[in-house]
Amino acid sequence: MGRLRFNMGLNPETFRWNLQPGKSFHSPECLMVYSKAGLGEMSRKFHCIVRNRIVPERFRDEPCPILLNSWEASYFDVTHSKIVSLSGAAAKLGIEMIVLDDGWFANRNDATSSLGDWKPDRKKFPFGIRGVAHQVE
């Protein structure tokens with residue numbers, strides 16, 4: 165007890181970026197809170213900051229949409245047809261939004277590769293992400 169240690173920002177030991185002359189780099193923002201009252205109080209502080217400082221005012225008092233995350237339904241086996249089918253069933257239940265989670269990008273069939281490649285897998289999504297988005301609207 166009596167000790168405090170925290171890390172924030174980019175770690176100079178593991179992060180490298182070649183910055184070309186005349187170019188700029190914008191780091192991610194970091195939000196931190198402190199509480200002597202434990203994790204519950206920290207969570208409440210985060211919620212208060214996000215609600216009052218980050219969420220645009222016009223959305224603060226709007227109810228959040230009910231959403232379905234594709235991960236639990238399909239894991240890495242997510243495809244255009246599965247998302248279209250899932251969205252139809254979800255809409256009948258009043259679900260308003262679908263989150264297309266992990267597995268949509270090229271060669272991401274398990275946890276050993278392609279994380280963060282951010283290019284749609286054309287075998288799983290032959291019409292791209294825009295194509296599936298248009299079909300589930």
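Residue numbers (the working numbering): 165 to 301. Note that the Cβ used here is the ideal one computed from N, Cα and C, for glycine as well. What you are looking at is a predicted structure, and each value in this text was computed from that prediction instead of being measured.
Using CA atoms only, rank isn't needed, just tell me which of the options is closest to residue i.
i	options	result
A270	P290, G252, A253, K256	P290
L264	T276, S277, K288	K288
R294	V214, S238, V248, W181	V248
F347	H211, P284, R222, V214	For residue 347 there is no data in the structure shown, the boundaries of the chain being 165 and 301.
G292	S245, D274, T276, L195	S245
V197	E226, S188, F170	F170
E193	W181, S199, K200, M172	M172
A237	D266, E221, C212	D266
F210	L195, A201, E221, R222	L195
S191	P185, A201, R180	R180
R286	R272, K187, T276	R272
S199	G186, R217, P176, L168	L168
If I'm right that residue i touches residue j with Cβ under 8 Å, what's the distance once you round it to whole angstroms?
i	j	result
V242	W268	6 Å
If we count the other Cβ atoms within 10 Å of its Cβ and call it buried at 16 or more, is residue i buried or exposed?
i	result
I262	buried
V214	exposed
H298	exposed
L174	exposed
L183	exposed
R224	exposed
V296	buried
L279	exposed
S251	buried
R222	exposed
_Check whether the region 229-245 and the region 202-211 touch, using three or more Cβ-Cβ pairs below 8 Å as the test._
Judged by Cβ distances under 8 Å, the region 229-245 makes no contact with the region 202-211, as fewer than three pairs qualify.
*Are the region 251-268 and the region 214-230 in contact at 8 Å, needing three or more beta carbon pairs?*
Output reads yes: the region 214-230 touches the region 251-268.
*Residue ranges of each alpha helix (DSSP H) run of no fewer than 4 residues wholly in the region 227-299, ordered along the chain?*
Counting only runs of 4 or more, we get 234-238, 244-256.
*Runs of alpha helix (DSSP H) wholly within the region 203-229 (minimum 4 residues, chain order)*: With a minimum length of 4 residues, the continuous alpha helix (DSSP H) runs that stay inside the region 203-229 are 203-213.
*For the region 176-206, which segments carrying the beta strand (DSSP E) assignment without a break, of at least 3 residues, lie completely within its bounds, in sequence order?*
You should have found no qualifying run.
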